[in-house]
Amino acid sequence: MRWLLRDVQPFPPKQSLPMNCDLLIDGHRVVEWTPVGKGQESGATVVDVDGRWLLPAFVDSHQHLLFSAQRRAENLSVTTSPADLIKTLPATERGNWLVDSGWRDPLPDRLIPDPRRFLDSIAQDRPIFLWAIDHHRALVNSAALFEANIDPQQHSGIAVEEEAERIWRRVPDAEIDLSGRIERLHRLGVAAVTTFDRGVSRKILQEHCAAGDPGLWIRHGMAGEELLEAIETGEDPKPTSNRESLFLVPWVKLFLDGTLGSRTAWMKSDYSDQPGERGVRRISKNDLESHVERAASRGWGLAIHAIGDRAVQEAIAAILRARELGATAIPHRIEHAQLIDPDDLPALVSSGAIASVQACHIIEDRKIADDRWGDRCMGAFPLATLERAGVPMILGSDAPIESADPWLDIASAVNRSDRSCCAQPWVKSERIVFPRAFHARTRAAADGNLLPRGWGTLDPGTHADLQILDALDPVSITCWQEASIFDMMCLGEWRLGNLERL
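The opening position of the sequence shown corresponds to residue 368 in my numbering, with each subsequent residue numbered one higher.
Structural data, given as structure tokens:
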């Protein structure tokens, strides 16, 4: 179908064109931009957009799509009484398990030093599993530990990193509302995601894309252990990298460390508030080398989770090694890259790696980072430093760990403030300007996530994945509510149904 959108304001502005333009779309591609009133009406449905802003749709470079589609409750508070806590646990379809997430430090006194006993007092015969906000720690009771063949008598009830994941694998899957989650992303202006869930996620999302209109461009990482298992069973999967495909699996995902919030981010020196503690190395040197060799020899890109400065240093070395082992058109990535030692910046530049950062994590991490990382925070979330050095940078949400709101993510990169954008900027020197943050959510993100060439530019011949806003000025937007999205087009379809009613 052909559409002539009359009187739109493109953002970013189109060079050599007036502020208000006409846009002609044929199917799912941009045909041409013209001054208002000059667009070709022949064969097109003409819609007067009345001067609304028209922007490229957003890319979310790092989220957990399937997990978000399973997510039911948020922001659990473990500071409630035992009686109140049990009321917050959802009546899930997860068998006999009670599952929730969202708690933060500090734990209340009654949970210390043994949360397991506290949770046993709530439900002794039903397993309880409560993810922390960062999903790298969990509170569990004896029944949950027993399900994972872990001796409850020798356990505090705080499971960390791999142990938490081991217990989580015993939790029955929740009902998946994928269509509802995709509709929510449309209302945020998001048309493409890269997701890093494990287990059945790849199969479900691949089938979803093959069944018809998927509603999104989807890129998926493959866990390192899943690639290893596939190789050992004779499957030996290869990466997919055709940018025009709706579904791709280009990267092997590896974890080098944990998170700042769980004190498991792997550091070069001690945590400032906990002498002797340097976080967790989640993969041994030998295992890392083995994963890198297997992936690189088969043409896979690497997507390496690294938050602490020591983890980032190791991630850079792994990517440099992968480049030595084999050339690939798939860009390597460091996921999070929250703390980078300035001494490692030249090697990062040489590696050609993309920094896949979630600026929205500044909102919560700024509350604890100064205590835990001290003066090293001057290099935390080093967006401006990365930009000056020429390191390719893309932004994403890490949803559901943080909000999937792309405007909140952009505002965090620009303001480095709190959720209301009222607090003073944290590490002010690392702020970036709005156009660069917007670029890292659109055109740069499209390139880094293997979307079609030109995606995010809305240039003639490119895909017309776009959003139309009622907002007064895109540069002033700090959250999705302020954006006042009117409609969005993804894969040739208007997803909110408002434009077709004009």
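The beta carbon of each residue, even a glycine, is placed where N, CA and C say it ideally should be.
Owing to the predicted nature of the structure, the values given are computational and were not obtained by experimental measurement.
- By the Cβ test, the region 504 to 513 is in contact with the region 523 to 538, since at least three Cβ pairs between them sit closer than 8 Å.
- His553 is positioned such that its CB atom lies closer than 8 Å to that of Arg862.
- Burial is judged here by how many other beta carbons sit within 10 angstroms of a residue's own beta carbon; Ala694 has fewer than 16 and is exposed.
- A buried status is given to Cys744, since no fewer than 16 other beta-carbon atoms sit within 10 Å of its beta-carbon.
- At least 8 Å separates the beta-carbon of Pro606 from that of Ile721.
- Around the CB of Lys652, fewer than 16 other CB atoms lie within 10 Å, so the residue is classed as exposed.
- Leaving aside the five residues that flank Ala511 on each side, the residues in its chain whose CB is nearer than 7 Å to its CB run, in chain order, Pro494, Ile495, Phe496 and Ile534.
- Around the beta-carbon of Cys388, 16 or more other beta-carbon atoms lie within 10 Å, marking it buried.
- With 16 or more other Cβ atoms inside 10 Å of its own Cβ, Gly668 counts as buried.
- Runs of the alpha helix (DSSP H) lying entirely within the region 803 to 839, each at least 4 residues long, are 810 to 815 in chain order.
- The alpha-carbon separation between Asp765 and Ala689 amounts to approximately 25 Å.
- Note that the region 700 to 716 touches the region 668 to 686; at least 3 beta-carbon pairs, one per stretch, sit closer than 8 Å.
- Annotated as distal: Arg810 and Ala751, with beta-carbon spacing of 8 Å or more.
- Under the rule that a run must span 4 or more residues, the alpha helix (DSSP H) segments found entirely inside the region 495 to 541 read 509 to 514 and 529 to 535.
- Counting the other CB atoms within 10 Å of its CB gives Pro423 a total of 16 or more, which places it among the buried residues.
- For Gln376, the enclosing beta strand (DSSP E) begins and ends at Arg369 to Pro377.
- In the DSSP secondary-structure assignment, Glu399 is bridged to Leu391.
- Here Ser723 is buried, its C-beta having at least 16 other C-beta atoms within 10 Å.
- For Ile650, no beta strand (DSSP E) segment is defined, and its DSSP state is neither H nor E.
- Pairing Phe853 with Arg373 gives a Cβ-Cβ distance that is not under 8 Å.
- For Pro617, the secondary structure class from DSSP, reduced to helix, strand or coil, is strand.
- Annotated three-state conformation of Gln705 is coil, per DSSP.
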